[in-house]
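Colleague:
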RNA sequence: UGGGGCGUGGCGAAGUGGUCUAACGCACCGGAUUUUGAUUCCGGCAUUCGAAGGUUCAAAUCCUUCCGCCCCAGCCA
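Residue numbers (my numbering): 1 to 563.
1) What is the DSSP secondary structure of residue 356, counted as helix, strand or coil?
2) Which parts of the region 318-389 are runs of the beta strand (DSSP E), unbroken and 3 residues or longer, counting only runs that do not cross its ends?
3) Looking at residue 108 and residue 63, is the spacing between their C-beta atoms short of 9 Å?
4) Could you tell me the distance, in whole angstroms, from the CA atom of residue 256 to the CA atom of residue 236?
5) So, is residue 136 buried or exposed, given that buried needs 16 or more other C-beta atoms within 10 angstroms?
6) Quick check on residue 201: does DSSP put it in helix, strand or coil?
7) Of the residues 547, 531, 539 and 541, which one's Cα is nearest the Cα of residue 559?
8) Thinking C-beta only, is residue 274 closer than 9 Å to residue 41?
9) Are three or more beta carbon pairs between the region 47-62 and the region 85-95 nearer than 8 Å?
10) Any chance you could list the beta strand (DSSP E) runs of at least 3 consecutive residues sitting entirely within the region 76-162, in chain order?
11) Residues in the same chain with beta-carbon distance under 6 Å from residue 206, minus the five sequence neighbours each way, listed in chain order, please.
12) Can you check which of these residues, 394, 528 and 182, is closest to residue 571 by C-alpha distance?
13) Hey, out of 184, 295, 279 and 452, whose CA is closest to residue 175's CA?
14) Look at the alpha carbon of residue 249 and the alpha carbon of residue 195, and state the distance between them as a whole number of angstroms.
15) Tell me, which residues are paired with residue 476 by DSSP?
16) Is the beta carbon of residue 85 closer than 9 Å to that of residue 336?
17) Output the distance between the C-alpha atoms of residue 164 and residue 156, rounded to the nearest integer angstrom.
18) Can you give the beta carbon distance from residue 144 to residue 122, rounded, assuming they're within the 8 Å contact cut?
19) Just the Cα atoms here: how many angstroms apart are residue 339 and residue 499?
20) Could you tell me the distance, in whole angstroms, from the CA atom of residue 188 to the CA atom of residue 34?
21) Assign residue 63 to one of three DSSP states: helix, strand, or coil.
22) Flag this pair as yes or no: are the beta carbons of residue 388 and residue 357 separated by less than 9 Å?
23) Using three-state DSSP, classify residue 569 as helix, strand or coil.
24) What is the rounded straight-line gap between the Cα of residue 288 and the Cα of residue 504?
25) Going along the chain, which residues of its own chain have a beta-carbon closer than 7 Å to the beta-carbon of residue 74, five neighbours each way excluded?
26) Give, in chain order, every unbroken run of the beta strand (DSSP E) that is at least 3 residues long and sits entirely within the region 231-311.
27) According to DSSP, is residue 34 part of a helix, a strand, or is it coil?
28) Taking C-alpha atoms, which residue in 37, 307 and 105 lies nearest to residue 80?
29) By Cβ distance, which residues of its chain are closer than 7 Å to residue 317, with the 5 residues on each side in sequence left out?
30) My output table needs one value for residue 440: the three-state DSSP class, helix, strand or coil.
31) Quick check on DSSP: helix, strand or coil for residue 448?
32) Alpha carbon to alpha carbon, how far is residue 512 from residue 451?
33) Could you tell me which of 414, 374, 477 and 431 sits nearest to residue 353, measuring between CA atoms?
34) Taking the straight line between their C-alpha atoms, what separation do you get for residue 220 and residue 129?
35) What residue does the beta strand (DSSP E) around residue 213 start on, and which one ends it?
36) Out of 434, 438 and 415, point me to the one whose CA is closest to residue 427's CA.
And the structure:
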């Protein structure tokens, strides 16, 4: 699909301004995920912002793993995240890891200690909380706050050497226990953890905290603009404090060492009817409420990918929702619009029947058959044509027949005439029902003079339905997805698990598809005409069993009015 | 009740003193075209910018007060 112009937003204005007035010669951003879960649509916004902005302004962007908490992180997550960023179509300048900076970080901690700006504390977690104060009351100084630098250094070195147990000591920045900004009340910068790190192995038993690590990582990489979400606004004071109080080697900073990276915050976007928090996603996955991180009902990037969303559609979605300083709630329809736009232009048209109803054309000779040559796309000739077989017995969709149709139902009913798309007009003469009254088969007659859209007497045939030749049909399992929740904001509910939409996955085991789908490659996308957009399931589809996922339905003004 | 943010139509979002009776996208409502009730196309959809005052010839844009919502008290990020 066509590439949307780069959207205007306040960060674009700030950065291009920094370029214009010569503050920077180039801009350098980074996308800094923690490898402790899978990426979702919220991350896509940040990815598109960071990579997209750099791309737009001719700058650079790193992919950096913010991996300072070994207990929650893993190689599996890291690889999945890296692959998702690449899948979205972005190229990083460098692939970085905060864990690669552990030596530097340790050195900077020592520097702070020597300057009297950090101290080793032995308050336990509970005491620490008490000393910290509350939102409205200032904190109070730890009894260890004035420990001499030499002693702090000794203690810190012994922390690193593994002499103390977890929780026995922490290293804290010495800032201001009376600050109204709680993140400035002597924040912890190192904690003891005897944990194996997926990259650093067992080299360390002390690990740096986010606030300390992040700003320094940015500086080391020469990042000019450090974009993050709103909840880090208070942390910005700390970000600046650390960078102001350590000595950065000029050659490490990229731009002559004269400039510190600047943190800029933007608002998160939430999609209606979904959950995005890592905790909740992990719960859905590990408790088996969905089938893995890549369940097509999830708005994880791997889930969307398996569902059939294209990278371009997600990038356009991110461009569409914008970047501002306020948190927003995005309508599902915006996401659906993005993928429909892409697939409308690019998907091959085919016929597929999800709920087959057998239809016999009684005046069509038995054993006879013919093929129609039809366009793969109604407007794009370059997509070519294909042959679809037709015969005496076909399948139509159960939804295209009603026993007692209302006047504005254009499809089939007893005695009614419709056109088989690309084929003949047929009239329904007989309805076969089982003992429960279910319609099991239709007997129709066709009008041989109605091929190629014509009628012999000029009569208009309003109703057009799709069909699949019974003799040539390909059996398939088709999975139709609906929103995982019926609640617009399930994340806000006490029990978001019980809110799961029980009909979020419908499986049609008896679907019938036109044979041309067997010629397709596994990453092709299709429009089942009059139904929706579909792709092969990347996990379960194989040579012996056709399995397809519905990415999104077609807009359906008929279904809408009947609801 | 400390600190930090944010409030423009149903949802997003432009706009930073005059061309704003406020762009654009989504949604919605018409109507045209159509062998997909799809697509496409045309048209409609805030006299009003959280509220109230004030400054000004002139405000969504400046000032004041008020109201509402979000974030911060992890040895998470």
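All C-beta atoms, glycine included, are put in the ideal place defined by N, C-alpha and C.
Modeller: In short:
1) As a working mapping, residue 356 is identified with position 356 in the first chain. DSSP places residue 356 in strand when its eight states are reduced to three.
2) 328-330, 348-350, 356-361 and 369-375
3) Position 63 of the first chain, counted from the first residue, corresponds to residue 63. Position 108 of the first chain, counted from the first residue, corresponds to residue 108. For residue 63 and residue 108, no; Cβs fall outside 9 Å.
4) Within the first chain, residue 256 is the residue found at index 256, counting from 1. Within the first chain, residue 236 is the residue found at index 236, counting from 1. Model confidence at residue 256 stands at a pLDDT of 46, short of 50, so the residue's coordinates are unreliable; what they give is reported in the following sentence. Going from the Cα of residue 256 to the Cα of residue 236 covers about 23 Å.
5) For this step, residue 136 is matched to residue 136 along the first chain. Exposed is the call here.
6) For the purposes of this step, residue 201 is taken as the residue at position 201 of the first chain. If DSSP states are grouped into helix, strand and coil, residue 201 belongs with the strands.
7) Here residue 559 corresponds to residue number 559 of the first chain, with the count starting at 1. When only C-alpha atoms are compared, the closest one is 531.
8) Sequence index remark: in the first chain, residue 41 carries index 41 (1-based). Sequence index remark: in the first chain, residue 274 carries index 274 (1-based). In this structure, residue 274 lies closer than 9 Å to residue 41 by Cβ.
9) The count of Cβ pairs closer than 8 Å, one atom from the region 47-62 and one from the region 85-95, reaches three, so the stretches are in contact.
10) 95-97 and 118-121
11) To locate residue 206, count along the first chain from 1; it is residue 206. For residue 206, where only same-chain residues beyond five positions count, the Cβ hits under 6 Å are 159, 160, 190 and 192.
12) The requested residue 571 does not occur in the structure, where the chain is confined to residues 1 to 563.
13) Within the first chain, residue 175 is the residue found at index 175, counting from 1. With distances taken between Cα atoms, residue 175 lies closest to 184.
14) Here residue 249 refers to the residue found at position 249 when the first chain is read from its first residue. Here residue 195 refers to the residue found at position 195 when the first chain is read from its first residue. Cα to Cα, residue 249 sits roughly 31 Å from residue 195.
15) The count along the first chain starts at 1 and reaches residue 476 at position 476. DSSP lists 511 and 546 as partners of residue 476.
16) By 1-based counting over the first chain, the position of residue 336 is 336. By 1-based counting over the first chain, the position of residue 85 is 85. No; because the gap between Cβ atoms is not below 9 Å, this pair is not in contact.
17) The residue you call residue 164 lines up with position 164 of the first chain. The residue you call residue 156 lines up with position 156 of the first chain. Computed Cα separation, rounded: 10 Å.
18) Walking along the first chain from the start, residue 144 turns up at place 144. Walking along the first chain from the start, residue 122 turns up at place 122. Sure, about 6 Å apart at Cβ, within 8 Å.
19) Looking up residue 339 in the first chain gives position 339. Looking up residue 499 in the first chain gives position 499. The alpha-carbon atoms of residue 339 and residue 499 are separated by roughly 26 Å.
20) Looking up residue 188 in the first chain gives position 188. Looking up residue 34 in the first chain gives position 34. Those two C-alpha atoms are separated by around 19 Å.
21) Translated into positions along the first chain, residue 63 becomes position 63. Residue 63 falls in the strand class under three-state DSSP.
22) Within the first chain, residue 388 is the residue found at index 388, counting from 1. Within the first chain, residue 357 is the residue found at index 357, counting from 1. Contact: no.
23) There is no way to answer for residue 569, as the model of the chain reaches only from 1 to 563.
24) In the first chain, counting from the first residue as 1, residue 288 sits at position 288. In the first chain, counting from the first residue as 1, residue 504 sits at position 504. In this structure, the CA atom of residue 288 is about 14 Å from the CA atom of residue 504.
25) For this step, residue 74 is matched to residue 74 along the first chain. So the qualifying residues of the chain are 35 and 198.
26) 262-266 and 269-271
27) The residue given as residue 34 occupies position 34 in the first chain. Three-state DSSP puts residue 34 in coil, outside helix and strand.
28) Within the first chain, residue 80 is the residue found at index 80, counting from 1. When each option's Cα is compared against that of residue 80, the closest is 37.
29) Within the first chain, residue 317 is the residue found at index 317, counting from 1. Cβ within range, chain order: 334, 335 and 338.
30) Locating residue 440 in the first chain gives position 440, counting from the first residue. The answer is strand: DSSP assigns residue 440 an E or B state.
31) The sequence position of residue 448 within the first chain is 448, counting from 1. Residue 448 falls in the helix class under three-state DSSP.
32) In the first chain, residue 512 corresponds to position 512, counting from 1. In the first chain, residue 451 corresponds to position 451, counting from 1. Rounded to the nearest angstrom, the two C-alpha atoms are 23 Å apart.
33) The residue given as residue 353 occupies position 353 in the first chain. The shortest Cα separation from residue 353 among 414, 374, 477 and 431 belongs to 477.
34) As a working mapping, residue 220 is identified with position 220 in the first chain. As a working mapping, residue 129 is identified with position 129 in the first chain. About 32 Å.
35) Locating residue 213 in the first chain gives position 213, counting from the first residue. Taken as a continuous stretch (DSSP letters only), residue 213 belongs to no beta strand (DSSP E), being part of the alpha helix (DSSP H) at 210-221.
36) Along the first chain, read from residue 1 onward, the residue named residue 427 stands at position 427. Minimum Cα distance to residue 427 is reached at 415.
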